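Asker:
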């Protein structure tokens, strides 16, 4: 550690965008104490929305990595570590792991500490397992990694067991949420999004990725509308999808096939998620896999009852029938029935929402998360 007692931390991300890893980095840059000096370094230029968040972090650097293997980017990263007197590199997800490790341990001769953050799996990893070459690489890399972070106990157990590292090496730090930001209500949120005040709005926020099971959400929503038609007007039901990604065209096509063009709104990527959540009545996270979903935390902090799938670290956030409702990813009838029940039973909707908000306040505040990271960084960089 430098004589002044300050710690220079470099957060390494693949491409700055809207996601859980980037949210953690953003919070650490905004809320760390003065002795923690944060720099963000990305391999690729941020996307359009991510660029605004990227700039908000303060000191940011892009390595302009070429697609595929680019040892030149590793050399440039190693040079930045030396130039900025970095004490600790915090690598976010698999796409930054090996390059970051090489820059620290090989090209800089172990000049600073190296921390790897595991953030989850792709749909291919969920269906087929993590490829053996990547498992071997991560097991070998783990021998030279000073700490591994996972955002839930389930993820820590899964990673250690799958990759073959010692479980004690994997520290659990739960994601946290800024309650001031997401706990606010926006008076004109529905008007700004083209929604009526008398409409019942179901919502989702996130990447439009196969792992999110959004075609399942559309099917469950369609099942709900078939029931609603008997007791009311389905025209007053809306599904708000906030985000962008590879599944967009497929989902738009399915919307037309189900004749739901008047009921489903695709808002695209947004940087005003708090406003979007404020316009919703119910939040649904139908994923095949989740690590420790920031958007679930945000929805609960915003006072929304959450319907989610029983996957990954989600059961560590939600207690079924108390602070949310949990179902298996293939239980579309269960998800549909839950949407219908929360529409029909306002008291249950309010009770679950209130319990969820208390859960966030007690266990998943941004202050608690930042302190856990800062304690880890200080411990790793303290002289023996």
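In my numbering, the protein residues as written are 202 to 585. Note that beta-carbon positions come from the ideal geometry of N, C-alpha and C, so glycine has one too. Quick caveat: nothing in here was measured; it's all calculated off a predicted structure.
1) Three-state secondary structure (DSSP) at residue 313?
2) What residue does the alpha helix (DSSP H) around residue 381 start on, and which one ends it?
3) Could you tell me the distance, in whole angstroms, from the CA atom of residue 381 to the CA atom of residue 240?
4) Touching or not, the region 356 to 374 and the region 386 to 400, by the rule of three or more beta carbon pairs under 8 Å?
5) Could you give the DSSP three-state label for residue 461: helix, strand or coil?
6) Please state whether DSSP places residue 469 in a helix, a strand or coil.
7) Please look up how many angstroms separate the CB atoms of residue 512 and residue 557, rounded, as I've assumed it's under 8 Å.
8) Quick one: is residue 314 buried, meaning 16 or more other Cβ sit within 10 Å of its Cβ, or exposed?
9) For the alpha helix (DSSP H) containing residue 245, list its first residue and its last residue.
10) Drop a sphere of 10 angstroms on the beta-carbon of residue 332, count the other beta-carbons inside from all chains shown, and report buried for 16 or more, exposed for fewer.
11) Here's a check: name, in chain order, each residue in its chain whose Cβ is nearer than 6 Å to the Cβ of residue 424, leaving out the five neighbours to either side.
12) Which residue wins for smallest C-alpha separation from residue 395, given the options 463, 343, 457?
13) Taking 9 Å as the cut-off, decide whether the C-beta atoms of residue 291 and residue 318 are in contact.
14) Which ranges would you report for the alpha helix (DSSP H) in the region 254 to 305 if only whole runs of at least 4 residues count?
15) Between 281, 535, 220, 539, which has its C-alpha nearest residue 409's C-alpha?
16) Going by alpha carbons, who is nearest to residue 365 out of 377, 210, 335?
17) Quick check on the DSSP output: what are the complete alpha helix (DSSP H) runs of length 4 or more inside the region 374 to 448, in order along the chain?
18) Evaluate contact between the region 371 to 390 and the region 346 to 353, counting only Cβ atoms and requiring at least three cross-stretch pairs below 8 Å.
19) Helix, strand or coil for residue 525? Go by DSSP, reduced to three states.
20) On the CB-based measure, 16 or more other CB atoms within 10 Å of its CB, does residue 337 come out buried or exposed?
21) Assuming the contact rule is C-beta atoms closer than 8 Å, residue 209 and residue 287 should be a hit. Round their C-beta distance to whole Å, please.
22) Do you know how far the Cα of residue 584 is from the Cα of residue 406?
Answerer: Taking the definition as stated:
1) coil
2) 380 to 383
3) 25 Å
4) The region 356 to 374 is not in contact with the region 386 to 400.
5) coil
6) strand
7) That pair is no contact at about 18 Å.
8) buried
9) Residue 245 -> not in any alpha helix (DSSP H); beta strand (DSSP E) instead, spanning 237 to 245.
10) exposed
11) Contacts found: 537.
12) 463
13) yes
14) 272 to 284, 295 to 302
15) For the residues 281, 535, 220, 539, the minimum Cα distance to residue 409 belongs to 220.
16) The shortest Cα separation from residue 365 among 377, 210, 335 belongs to 335.
17) 380 to 383, 390 to 393, 415 to 432
18) yes
19) strand
20) exposed
21) Contact between residue 209 and residue 287 holds: CB atoms are separated by about 5 Å, below the 8 Å threshold.
22) 43 Å
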